[in-house]
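First up is the structure itself, then whatever we jot down about it.
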Amino acid sequence: MRKPCCDKQGINKGAWSKQEDQKLVDYIRIHGEGCWRSLPKAAGLHRCGKSCRLRWINYLRPDIKRGNFAQDEEELIIKLHALLGNRWSLIAGRLPGRTDNEVKNYWNSHLKRKLVEMGIDPNNHKLNQYPVPPQPHHAATTSMNVACKLRVSSTDNDGVSDAASYLEDETHAAVSNLDLDLTIAFPSSPIKINEENQKKTAPIARNDHEEQYTVPTLLLFR
DNA sequence: AAACCCTGCAACCGCCGGCAT
DNA sequence: TATGCCGGCGGTTGCAGGGTT
1 MRKPCCDKQG INKGAWSKQE DQKLVDYIRI HGEGCWRSLP KAAGLHRCGK
51 SCRLRWINYL RPDIKRGNFA QDEEELIIKL HALLGNRWSL IAGRLPGRTD
101 NEVKNYWNSH LKRKLVEMGI DPNNHKLNQY PVPPQPHHAA TTSMNVACKL
151 RVSSTDNDGV SDAASYLEDE THAAVSNLDL DLTIAFPSSP IKINEENQKK
201 TAPIARNDHE EQYTVPTLLL FR
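Here it is as structure tokens:
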């Protein structure tokens with residue numbers, strides 16, 4: 001039986017007060033990040049160590065970039081999610097000043113919906129649309145530059161785990177500027193994400209045709 | 001103006017892996 | 001090798017605030 005991370009009695013929960021924030025910041029400024037379990041007591045906080053760590057990492061750290069995500073950050077999150085899946089800490093590690101919690105929240109509240117609206121399954125980054133006649137400019141490319149063709153390295157891009165281990169490998173830490181080509185590239189039958197079609201095409205109707213059409217797969221996962 | 005609904009975000013919970021003993 | 005501790009992670013929840021009816 002595992003012990004709880006801290007004694008629940010006499011422990012504050014919920015939103016942090018200004019005073020608590022100040023105590024935490026002051027303590028870490030002097031002593032640095034360290035043993036989170038003993039920190040609350042040492043800092044005079046009635047909080048569990050985990051809570052302190054979370055508060056510091058997600059909110060109080062001085063290098064945190066707050067505010068809206070830029071377009072390039074959005075694109076990078078989408079690309080990295082296609083590579084790594086829900087490995088938010090790894091994704092956040094590629095976005096200076098952003099935390100895993102923030103990236104996760106942004107994905108769940110904004111990007112997921114955005115991809116769905118574009119006819120892209122946010123879980124596997126595959127297009128849900130039917131092939132339609134080729135168009136000179138793909139709607140998705142202009143609005144989001146969705147990750148369809150990803151070049152991580154010249155040879156290995158055959159799956160999430162490989163990409164993840166690649167990114168995790170500290171020896172490759174310098175490779176933060178992955179060459180990720182974002183253009184939609186359908187080898188044989190380019191398709192158009194047409195918002196009108198999207199509205200008309202009910203999910204049930206799509207299912208009826210799933211057998212007939214080969215749903216295009218992002219190059220990464222081919 | 002009030003009630004209800006929706007959205008975004010901060011925080012919590014439980015699990016897992018690494019490490020020390 | 002087994003066990004326990006600790007930090008880190010991802011999923012989930014709860015709530016505040018804004019929008020809509």
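Residue numbers (full-length UniProt numbering): 1 to 222.
Virtual Cβ for every residue (Gly too), placed ideally from N, Cα, C.
Computed from a predicted model, the values in this text were never measured in an experiment.
Next item on the list: Check whether the stretch 71-81 touches the stretch 37-57, counting contact only when three or more Cβ pairs, one atom from each stretch, lie closer than 8 Å.
Entry: No: fewer than three Cβ pairs fall under 8 Å.
Notebook entry, point to check: Do the CB positions of K23 and G10 come within less than 8 Å of each other?
Noted result: Translated into positions along the first sequence, residue 23 becomes position 23. Translated into positions along the first sequence, residue 10 becomes position 10. No. Outside cutoff.
Margin query: Considering Cα atoms alone, identify which of G85, G32, H31, D100 is closest to K65.
Written below: In the first sequence, residue 65 corresponds to position 65, counting from 1. Answer by Cα proximity: D100.
Check: Name the DSSP beta bridge partners of K126, please?
Finding: Counting from 1 along the first sequence, the entry for residue 126 is found at position 126. K126 is bridged to D121.
Item checked: Span separating the alpha-carbon of E102 from that of R61 -> Position 102 of the first sequence, counting from 1, holds the residue named residue 102. Position 61 of the first sequence, counting from 1, holds the residue named residue 61. The alpha-carbon of E102 is positioned some 13 Å away from that of R61.
Notebook entry, point to check: Closest by CA to N58, which one among D26, Q71, D21?
Noted result: Residue mapping note: residue 58 aligns to position 58 of the first sequence, counting from 1. Among D26, Q71, D21, the Cα nearest to that of N58 is on D21.
Item checked: Alpha-carbon spacing of K13 relative to L127, whole angstroms -> As a working note, residue 13 is residue 13 in the first sequence. As a working note, residue 127 is residue 127 in the first sequence. Between K13 and L127, the C-alpha separation is close to 42 Å.
Checklist line | Reference N86; option with closest CA among G119, L111, C48 | finding: Taking the first sequence and counting its residues from 1, one reaches residue 86 at position 86. Closest by alpha carbon: L111.
Next item on the list: Quick one: grab the DSSP three-state call for I57.
Entry: On the first sequence, position 57 is the one that residue 57 refers to. I57 falls in the helix class under three-state DSSP.
Checklist line | Span separating the alpha-carbon of A42 from that of G32 | finding: Reading the first sequence from its first residue, position 42 is the one you call residue 42. Reading the first sequence from its first residue, position 32 is the one you call residue 32. Their backbone Cα atoms lie some 12 Å apart in a straight line.
Next item on the list: For the UniProt domain "Myb-like" (8-60), list the alpha helix (DSSP H) runs that are entirely contained and at least 4 residues long, ordered along the chain.
Entry: Listed in chain order, they are 18-31, 39-43, 49-55.
Item checked: Neighbour-count burial assignment, P96, 16 or more Cβ in a 10 Å radius -> Within the first sequence, numbered from 1, the residue matching residue 96 stands at position 96. P96 should be labelled exposed.
Check: Using the C-alpha atoms, what's the distance from N68 back to A92?
Finding: In the first sequence, the residue the question calls residue 92 occupies position 92. In the first sequence, the residue the question calls residue 68 occupies position 68. Computed Cα separation, rounded: 15 Å.
Item checked: Contact set for I77: own chain, Cβ-Cβ below 8 Å, skip 5 residues either direction -> Counted from its first residue, the first sequence places residue 77 at position 77. Hits under 8 Å: F69, I91, L95, V103, Y106, W107, L111.
Item checked: Alpha carbon of A15 to alpha carbon of R47, nearest angstrom -> Position 15 of the first sequence, counting from 1, holds the residue named residue 15. Position 47 of the first sequence, counting from 1, holds the residue named residue 47. For A15 and R47, the distance between alpha carbons rounds to 11 Å.
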